[in-house]
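Trainee:
Number of protein chains: 2
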Amino acid sequence: MTNNLHGKNIIAGELKDGGTEGARAENPATREQLEPKFIHATESEVQQAAEQAKEAQQELLGLGPAHRAGLLRRMAEEILALGDPLIERCHLETALPEGRLVSERSRTANQLRLFADLLEEGSWVDARIDTAIPDRTPTPRPDLRRMLIPLGPVAVFCASNFPLAFSVAGGDTASALAAGCPVIVKAHGSHPGTAELVAAAVNRAMAAEKMPPGIFSLLHGPGKTVGIQLVTHPLIKAVGFTGSRHAGRALFDAAASRPEPIPVYAEMGSINPVFLLPGALRDRGMEIAGGLSASATLGGGQFCTNPGLVVGLDSEELDAFVRQAGLLFQEAAVETMLNTRIHRAYQEGSNKLKAVKGVEVSAEAIGVSEVDGNQGRPTLFTSDGQTFLGNPLLREEVFGPSSLVIRARSREELLRIAATLKGHLSASIHGSEQDLQEYSDLAALLQRNVGRLIFNGFPTGVEVCTAMNHGGPYPASTDSHFTSVGTAAIYRFSRPACFQGFPDHALAPELQDENPLGILRQIDGRYTRDPISG
Amino acid sequence: MTNNLHGKNIIAGELKDGGTEGARAENPATREQLEPKFIHATESEVQQAAEQAKEAQQELLGLGPAHRAGLLRRMAEEILALGDPLIERCHLETALPEGRLVSERSRTANQLRLFADLLEEGSWVDARIDTAIPDRTPTPRPDLRRMLIPLGPVAVFCASNFPLAFSVAGGDTASALAAGCPVIVKAHGSHPGTAELVAAAVNRAMAAEKMPPGIFSLLHGPGKTVGIQLVTHPLIKAVGFTGSRHAGRALFDAAASRPEPIPVYAEMGSINPVFLLPGALRDRGMEIAGGLSASATLGGGQFCTNPGLVVGLDSEELDAFVRQAGLLFQEAAVETMLNTRIHRAYQEGSNKLKAVKGVEVSAEAIGVSEVDGNQGRPTLFTSDGQTFLGNPLLREEVFGPSSLVIRARSREELLRIAATLKGHLSASIHGSEQDLQEYSDLAALLQRNVGRLIFNGFPTGVEVCTAMNHGGPYPASTDSHFTSVGTAAIYRFSRPACFQGFPDHALAPELQDENPLGILRQIDGRYTRDPISG
Chain A
1 MTNNLHGKNI IAGELKDGGT EGARAENPAT REQLEPKFIH ATESEVQQAA EQAKEAQQEL
61 LGLGPAHRAG LLRRMAEEIL ALGDPLIERC HLETALPEGR LVSERSRTAN QLRLFADLLE
121 EGSWVDARID TAIPDRTPTP RPDLRRMLIP LGPVAVFCAS NFPLAFSVAG GDTASALAAG
181 CPVIVKAHGS HPGTAELVAA AVNRAMAAEK MPPGIFSLLH GPGKTVGIQL VTHPLIKAVG
241 FTGSRHAGRA LFDAAASRPE PIPVYAEMGS INPVFLLPGA LRDRGMEIAG GLSASATLGG
301 GQFCTNPGLV VGLDSEELDA FVRQAGLLFQ EAAVETMLNT RIHRAYQEGS NKLKAVKGVE
361 VSAEAIGVSE VDGNQGRPTL FTSDGQTFLG NPLLREEVFG PSSLVIRARS REELLRIAAT
421 LKGHLSASIH GSEQDLQEYS DLAALLQRNV GRLIFNGFPT GVEVCTAMNH GGPYPASTDS
481 HFTSVGTAAI YRFSRPACFQ GFPDHALAPE LQDENPLGIL RQIDGRYTRD PISG
Chain U
535 MTNNLHGKNI IAGELKDGGT EGARAENPAT REQLEPKFIH ATESEVQQAA EQAKEAQQEL
595 LGLGPAHRAG LLRRMAEEIL ALGDPLIERC HLETALPEGR LVSERSRTAN QLRLFADLLE
655 EGSWVDARID TAIPDRTPTP RPDLRRMLIP LGPVAVFCAS NFPLAFSVAG GDTASALAAG
715 CPVIVKAHGS HPGTAELVAA AVNRAMAAEK MPPGIFSLLH GPGKTVGIQL VTHPLIKAVG
775 FTGSRHAGRA LFDAAASRPE PIPVYAEMGS INPVFLLPGA LRDRGMEIAG GLSASATLGG
835 GQFCTNPGLV VGLDSEELDA FVRQAGLLFQ EAAVETMLNT RIHRAYQEGS NKLKAVKGVE
895 VSAEAIGVSE VDGNQGRPTL FTSDGQTFLG NPLLREEVFG PSSLVIRARS REELLRIAAT
955 LKGHLSASIH GSEQDLQEYS DLAALLQRNV GRLIFNGFPT GVEVCTAMNH GGPYPASTDS
1015 HFTSVGTAAI YRFSRPACFQ GFPDHALAPE LQDENPLGIL RQIDGRYTRD PISG
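Going down the list, the protein sequences come from chains A and U. Counting from 1, one number per residue, gives the positions in the first sequence under this note's numbering. Counting from 535, one number per residue, gives the positions in the second sequence under this note's numbering.
Written out as structure tokens, the structure reads:
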């Protein structure tokens, strides 16, 4: 296994190891170092990758959407063809169970194919044509045609918690390449070997599809050096990131203070509040306790959509819910967390919560782990509305398998709690139809602050589809206009361009009279797939 | 006239003058002060306006798109009903000719109606529905429905150069209200009386349509105090601005460094380069000289799309073009500029250009103005490629009626000049069909850096329509994803929200099974206006 990994940066298909610094990955279950050392990219290598990306940009555009779709499909195949060695290395680096990794790999391949489908259908470019009106007075109207074009080279940061689906060939890379943007990936220090294996698959796909090699590079190194160099490089035009609020904000700030600011799409997680309304607690309290415990402890609680806060009216039904959820938290598996830093942050966050007067540990998992490294113990906390409202610490995400249940004294206090919440990826409401009517103000209030509002469901399990919105108001993300999951993620990396008065043959096929691609367009404000009659 | 103006801030329909500071507008033609004094908003009045906007947000949403469309139509009517007094005051404050102001008023009304049309058609919300698949394995797919919702209260800054179409009820306000966002307008110090008159019309329209008064306020005061207070207010969620790069960047920086960063849509103008290719110069040189001179001197050259740079191959045909354009610049009217500051900046910019070695004044308008205030003299400069490439000053916008013609030594030098250009609102290419083929690399290069690429036309005259893109890469705008002109401007002020598992009756009409509004939606990835069959 080790012998197959070279530990070098991959720039436009070539291996580069000009640097002297480097680091090994760590097995989070045992804290053992894993071979080989991964060489950090030098500033000149960052420069090379950016220049290669810029050079490749025009060629990529010339190849057209069908060609890009072919690349994405081939990438899916090549990643699946990596077989067991990918899963094994990835498990060593992340401690994520092999079953989870196999399904994450399927998701990764499916994402790539979903964007290929989108390109082949073609209407995503939002083509708009206003035909000329030469005899209009006082001035004629020119012929105006608009479509989306690529922003330019994109820096993609691998995410610790999704080594495949949000990493080298994950959703950010898939949507950026689909939009026609070259990609430079910064590997995550926790799973650089996984990154190298996937990058090799990407390079095989690119060679098979005769793509310009500059459209893809993989760099290793710390976020504070290599990451910031990428984000502040003048040739980089956008950034995709999934991770902590601290790191995401640092990238956002660096990008916003450039001479030419660029967009950073940072998805920074949230506590995903869950509201339990009286009818639901009465009718299905035990069932909801089961769903919540499963959602909160799934994958070591290391999902951006992990439900970290539960709010209900103080009642016998809520007491019964807490008891039942507590039993399930006690029985939950004590899993190894993704890395030592994340484990330490979970410990610290939990300890801070425990120290707050008015916060109680209602239940802790009793399981014993077979290994002794970075195991995170599922914990269910409880508190009351007054404590929550008086202590901003309770609104902060504790990344890991814990949830905090708040007993609200009244409907008013429950609404006050909802009103204090900042932007979240999701919020969930459990209720009967009658609850939903009686608490319509709660739904209206939450809608303003979240990317996705869920009724009688749990936030984990983010469907990759057309209607998904995985994002939301700050600090859930740095740009609430866009989702990082689903087909609409492509809009992060494209922008409109308008062509005025061009002859038909000089236009992209999407804008030509005949509509050779058969896409849906707006012609003189009307949606149609018809050609323009001469 | 004066007696009809109160000079107060208008907050949610109420007049407020708690402040002690204030300023009068100035007649730019004569530099005389115009009555009355306009009282600057206090910080507590900014706070009141923001709170009223937040309060009104939910109510506005509840009223639905048809109601918002009704408001926009009524606003158009009320603005037209202001009649001559509006045009007279606006002319006094801006020195813009009455004919131009009458047509700008029509444009303003038409913009409002265009957004009303968009709301009534309804498909702009980009509704996407992925229906549930309860029997999918290993996990069922939930019902997911996504549409665009309003961002929240928006701060709109009036533009000096469009006192009607980009001011109190201009494109930013129209698109923000259309999206469902309350608006707080900051008046421009050059035309506060125009602002007050239009705001009164807006308030009459709001009363007639029974709108919550908090959705609209008008504040007076400097950008550095009242403007920054607005942009940094926690309840403000987006900003629309048209003006200088300096002011736009200051607002962008203030918004990006907030605890919760918000988007600033600053359209900051550009020099809108025009490339003259050999065939066009040969076939239509004199005609192009006429079009260029008209475009460059129109409205005192005070359009964002003013063509400030012209590039052609050094040749007899280019010499003839310069001679002809020079004659037309000599004959061009010497018009009063919008205000003293803009006039001074034009003088300074022109003087800086004149001082550059290798830059020549090819022609200046010879006309004499009837008044003696802030008159800007149309000026045609010439220089060569080497001087241009060696001097970054020549790439800076000089806002006013001047153009700089660059003689490029070769095709390569012309392309090098194109490659040095940063983001622009537009670029224009004049050429024969053969030119366009031979210079396809020029078109490809320009496309990357501009919002709109024009063939055989001139950049002024920005059509308000579906396909327009008025924006582009920085520094043309701070967010190249969006246009500030045309129907797509609404997307600046809306964001997606996803609703998972909600019963049909609790969803907005746009997302209900029956599709009661008959809008175009994506259902399971397919575009259709059909209802969902049960």
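Just so it is clear, CB atoms sit at the ideal spot from N, CA and C, and this is done for glycine as well.
(1) Which same chain residues, not among the five before or five after Asp530 of chain A, have their C-beta less than 6 Å away from its C-beta?
(2) Any beta-carbon of chain U closer than 8 Å to the one on Leu112 of chain A?
(3) Hey, is Leu635 of chain U's beta-carbon within less than 8 Å of any beta-carbon in chain A?
(4) Please classify Pro192 of chain A: does DSSP put it in a helix, a strand, or coil?
(5) Check whether the stretch 772-786 of chain U and the stretch 649-661 of chain U touch, using three or more Cβ-Cβ pairs below 8 Å as the test.
(6) Report yes or no: is there a C-beta of chain A within less than 8 Å of the C-beta of Tyr1061 of chain U?
(7) Please tell me whether Thr108 of chain A and Gly170 of chain A are closer than 8 Å, where the distance is taken between their beta carbons.
(8) Give every residue of the same chain whose Cβ lies closer than 6 Å to the Cβ of Val659 of chain U, excluding the five residues on either side of it in the sequence, and list them in chain order.
(9) Out of curiosity, what's the CA-to-CA distance linking Asn538 of chain U and Ile621 of chain U?
(10) So what does Ala166 of chain A bridge to, in DSSP terms?
(11) Return the chain-ordered list of same chain residues with a C-beta closer than 6 Å to the C-beta of Arg105 of chain A, the five sequence neighbours on each side being excluded.
(12) So what's Pro378 of chain A in DSSP terms, helix, strand or just coil?
(13) Taking the Cβ atom as the reference point for each residue, do Ala559 of chain U and Ser751 of chain U lie within a distance shorter than 8 Å?
(14) Which residue wins for smallest C-alpha separation from Ser160 of chain A, given the options A:Gln229, A:Asn339, A:Ile236?
(15) What would DSSP say about Leu151 of chain A, mapped onto helix, strand or coil?
(16) Less than 8 Å between CB atoms is the rule here; does Ala497 of chain A satisfy it with respect to chain U?
(17) What did DSSP end up calling Ile532 of chain A once you bin it into helix, strand or coil?
(18) Between Ile940 of chain U and His754 of chain U, how many whole angstroms is the CB-CB distance? I'm expecting something under 8 Å.
(19) Given this structure, state the Cα-to-Cα distance separating Phe455 of chain A from Arg284 of chain A, to the nearest angstrom.
(20) Using a Cβ cut-off of 7 Å, which residues of the stretch 967-980 of chain U contact any Cβ in chain A, in chain order?
(21) For Ala12 of chain A, name the three-state secondary structure that DSSP assigns.
(22) Since Phe458 of chain A contacts Leu380 of chain A with CB under 8 Å, what's their CB separation in whole angstroms?
(23) Considering only their Cβ atoms, is the gap separating Gly761 of chain U from Pro716 of chain U smaller than 8 Å?
(24) What residues from chain U crowd round Ile149 of chain A, counting only those whose CB sits closer than 9 Å?
(25) Restricting to Cα atoms, I'd like to know which of A:Leu309, A:Asp441, A:Ile133, A:Thr305 is closest to Phe275 of chain A.
(26) Apart from the five residues on each side of it in sequence, which residues of its chain come closer than 6 Å, Cβ to Cβ, to Gly22 of chain A?
(27) For chain U, find out if any of its Cβ atoms is closer than 8 Å to the Cβ of Ala294 of chain A; answer yes or no.
(28) Which value, in whole angstroms, describes the spacing of the CA atoms of Arg68 of chain A and Leu177 of chain A?
(29) Out of A:Leu82, A:Ser477, A:Gly518, which has the shortest C-alpha to C-alpha gap to Val202 of chain A?
(30) Looking only at C-alpha atoms, which of U:His722, U:Leu595, U:Val690, U:Ala721 sits nearest to Gly708 of chain U?
(31) For the pair the stretch 128-144 of chain A and the stretch 499-508 of chain A, tell me if three or more CB-CB distances fall below 8 Å.
(32) Could you confirm whether any beta carbon from chain U is found closer than 8 Å to the beta carbon of Leu618 of chain A?
(33) Counting only beta-carbon atoms, is His67 of chain A nearer than 8 Å to chain U?
(34) For a test of the three-state rule: what should DSSP assign to Thr536 of chain U, helix, strand or coil?
(35) If you follow the beta strand (DSSP E) that His430 of chain A is part of, which residue opens it and which one closes it?
(36) Taking only runs that begin and end inside the stretch 811-873 of chain U, name each unbroken beta strand (DSSP E) of 3 or more residues, in chain order.
Mentor: From the atom records:
(1) none
(2) no
(3) no
(4) helix
(5) no
(6) yes
(7) yes
(8) Met681, Leu682, Glu1044
(9) 14 Å
(10) It should be pointed out that residue 166 of chain A corresponds to Phe in this sequence rather than to Ala. Note: Phe166 of chain A sits in no beta bridge, so no partner.
(11) Leu164
(12) coil
(13) no
(14) A:Asn339
(15) coil
(16) yes
(17) coil
(18) Between His754 of chain U and Ile940 of chain U the Cβ distance is about 43 Å, and since that is not below 8 Å, they are no contact.
(19) 14 Å
(20) Glu967, Leu970, Ala978
(21) coil
(22) The Cβ separation is near 15 Å, so there is no contact.
(23) no
(24) Gln981, Arg982
(25) A:Leu309
(26) Lys37, Phe38, Ile39, His40
(27) no
(28) 7 Å
(29) A:Leu82
(30) Residue identity check: residue 708 of chain U is Ala in the sequence provided, not Gly. Taking only the C-alpha atoms, the option nearest Ala708 of chain U is U:Val690.
(31) yes
(32) It is not possible to answer for residue 618 of chain A, since the shown part of chain A is limited to 1 through 534.
(33) no
(34) Bear in mind that the predicted position of Thr536 of chain U carries a pLDDT of just 47, short of 50, making it too unreliable to give a figure here.
(35) 424-430
(36) 843-847
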